[in-house]
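Remarks on the structure that follows.
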Amino acid sequence: RAAVGRAVDAGRRVRVAGAGHSFTGAALTDGTLLSLERMDRVVDVDPASGRVRVQAGITLHELGARLAAHGLALENLGDVDAQSVAGAIATATHGTGATLRNLSAQVQALELVTAGGDVVEIDGTGDGDALEAARVAVGALGVVTEVTLRCVPAFTLRGADVPLPLEEVLGALDEHVDAHRHFELFVFPHSDVALTRTNDVVDEPPRPRARPRAWVDDVLLANHAFHAFCLAGRAVPRAIPVLNRAVTRAAGTSVRVDRSDAIFATPRLVRFTEMEYALPRDAAAPALRAIRSAIDEHGFAVNFPIELRFVAADDALLSPAHARETAYLAVHAFRGMAWEPYFRAAEAIFDAHGGRPHWGKRHFQTAATLAPRYPGWERFQAVRGRLDPGGVFANAYTDRVLGPA
């Protein structure tokens, strides 16, 4: 409260940094930048109800370990767990699972410090759309300091990575998605093999890998070896098709059984930039095919896979999955390689399917292009006007994508 008060008195705008995972300018400011990294405590745990109160700076990785100690877990996570809870919520971070919603949908209440120095508890009572707005707010409503999450009893997942013919998978995509609690696929340009990943709940104890085996799988092979392939492709772009097919052939079948958070997340040490869009679920296969065609047509040098995941509809006003069953389709570019022409071509395809961008990943949209895609846009702006009427919690990114406060 004091830090916000000093900034307001000095006429400075305020932004809050999470863990630095986002690819956009969401946290950048020439005003006051706050960090919550030392606000990392679990405040309260109620195993009976599954409600857990945490400070907003705790990372998803640390939270997973703390919840496991109480016999609890988050029902879903993405494949990266470095984000802070507040940052993950603000940008609608998600995992995959057609019956499961974005992480922000697990928020039951949150505490917010406003520009006026008030500490406000938002729990869905008394202020209409406030909770639905605050669940995904891109940091535009105030400083989130504590969050109450709905958790579930701890569970074990069986994770299976299986290469399959891409067109076979796309031709029966709904069957693959609906047959598993969690389904996703990766496909490299110039390869006709889908690297599928499924996670399903099993009634058996976790069987964590020995540390040397985990290091070989997750660090040496999935990161260091892949990094070497990426460096080779950046040095000799014409070799990328051959290299991509070689990476795909090297990815064999594997099965793991472990605690849910250990299965969901894996280390991501290779640097890249990313664009991800939320599409209507039935647009997944045609959009993926169109992106692959665009890569071939334009001759883009792409040595990172395209990723496809699925989530259920939710009610957060600015959630990319708001009110529709959703497929998330992501494109990536290795560090130091041209990305903008590729991403612009992909975004044109996403636009054609009514896509909504992930708030923490690259896109070229503006408030004018985004407003028609969100049925709750004006309701969000009304909450923003009440909680931050002076536009203290804004920056160039929110000015562009949400409009000036």
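The number in the working numbering is simply the position in the sequence shown, starting from 1, with 1 added.
Ideal Cβ placement from N, Cα and C applies to all residues, glycine included.
Rounded straight-line distance, which links the Cα of residue j to that of residue i
| i | j | result |
| --- | --- | --- |
| proline 154 | arginine 52 | 11 angstroms |
| alanine 3 | isoleucine 123 | 21 angstroms |
| aspartate 262 | leucine 111 | 23 angstroms |
| arginine 310 | alanine 291 | 17 angstroms |
| alanine 266 | proline 390 | 38 angstroms |
| arginine 14 | alanine 89 | 22 angstroms |
| leucine 75 | alanine 138 | 21 angstroms |
| alanine 288 | aspartate 297 | 14 angstroms |
| isoleucine 350 | glutamate 341 | 14 angstroms |
| alanine 372 | valine 121 | 27 angstroms |
| glycine 129 | aspartate 400 | 24 angstroms |
| glutamate 348 | threonine 370 | 12 angstroms |
| glycine 300 | serine 294 | 10 angstroms |
Contact check, residue i vs residue j, beta carbons under 7 angstroms
| i | j | result |
| --- | --- | --- |
| valine 16 | threonine 30 | In the sequence as displayed, the identity of residue 16 is arginine instead of valine. Their beta carbons are under 7 angstroms apart, which means arginine 16 touches threonine 30 by this criterion. |
| threonine 149 | arginine 54 | yes |
| histidine 71 | valine 108 | no |
| glycine 140 | alanine 91 | yes |
| alanine 195 | leucine 165 | yes |
| threonine 327 | alanine 279 | yes |
| glutamine 366 | proline 358 | yes |
| asparagine 245 | phenylalanine 189 | yes |
| aspartate 41 | glycine 65 | no |
| leucine 388 | glycine 143 | yes |
| alanine 331 | glutamate 308 | yes |
| phenylalanine 273 | phenylalanine 335 | yes |
| isoleucine 241 | alanine 302 | yes |
| alanine 87 | valine 384 | no |
| glycine 6 | glycine 118 | yes |
| arginine 374 | phenylalanine 344 | no |
Element boundaries [beta strand (DSSP E), containing residue i]
| i | result |
| --- | --- |
| glutamate 122 | 120–123 |
| serine 255 | 255–260 |
| leucine 158 | 157–166 |
| asparagine 224 | Asparagine 224 -> no beta strand (DSSP E), and no H or E assigned at all. |
| glutamine 109 | 108–114 |
| glutamine 56 | 52–56 |
| arginine 269 | Premise fails: arginine 269 is in no beta strand (DSSP E) and is neither H nor E. |
| valine 393 | Where valine 393 is concerned, there is no enclosing beta strand (DSSP E), given that its DSSP letter is neither H nor E. |
| arginine 16 | 15–18 |
Which of helix, strand or coil DSSP assigns to residue i
| i | result |
| --- | --- |
| tyrosine 278 | strand |
| tyrosine 343 | helix |
| histidine 183 | strand |
| aspartate 175 | helix |
| leucine 75 | coil |
| arginine 136 | coil |
| proline 213 | helix |
| serine 192 | coil |
| asparagine 245 | helix |
| proline 405 | coil |
| arginine 42 | coil |
| histidine 323 | strand |
| leucine 142 | coil |
| threonine 30 | coil |
| leucine 150 | strand |
| histidine 333 | strand |
| leucine 101 | coil |
| aspartate 315 | strand |
| glutamate 308 | strand |
| valine 203 | strand |
| leucine 35 | strand |
| arginine 363 | coil |
| valine 1 | Nothing can be reported for residue 1: it is not among the residues displayed for the chain, which extend from 2 to 406. |
| proline 238 | helix |
| aspartate 128 | coil |
| alanine 383 | helix |
| alanine 233 | helix |
Other residues of its chain near residue i: CB distance less than 7 angstroms, five sequence neighbours each side excluded
| i | result |
| --- | --- |
| glutamine 84 | Gly19, Ala20, His22, Thr60, Leu61, Thr94 |
| cysteine 408 | Here the chain has residues from 2 to 406 only, and residue 408 is not among them. |
Residue i, enclosing alpha helix (DSSP H) - first and last residue
| i | result |
| --- | --- |
| tyrosine 398 | 397–402 |
| leucine 61 | 61–70 |
| serine 294 | 285–299 |
| alanine 4 | 3–10 |
| alanine 368 | 368–371 |
| valine 86 | 86–91 |
8 angstroms CB neighbourhood of residue i in its chain, flanking five on each side removed
| i | result |
| --- | --- |
| threonine 157 | Val202, Val203, Asp204, Glu205, Pro206, Pro207, Val258, Asp259, Arg260, Ser261 |
| alanine 106 | Arg136, Asp315, Asp316, Ala317, Ser320 |
| arginine 313 | Per the sequence presented here, residue 313 reads as alanine, with arginine not at that position. The answer, listed in chain order, is Gly98, Ala99, Thr100, Leu101, Arg102, Ala322, Glu326, Thr327. |
| alanine 69 | Ala155, Arg260, Asp262 |
| leucine 73 | Val46, Pro48, Gly51, Val53, Cys152, Val153, Pro154, Ala155 |
| valine 170 | His177, Leu186, Ala195, Thr197 |
| leucine 78 | Leu61, Gly65, Gly96, Leu104, Ser261, Asp262, Phe265, Ala266 |
Cut-off 6 angstroms between Cβ atoms - residues of its own chain near residue i, not counting five sequence neighbours on either side
| i | result |
| --- | --- |
| threonine 254 | Val163 |
| valine 43 | Val55, Arg67 |
| phenylalanine 184 | His177, Val178, Thr199 |
CB contact below 7 angstroms: residue i versus chain D
| i | result |
| --- | --- |
| threonine 33 | Among the chains in the structure shown there is no chain D, since it carries only a single protein chain. |
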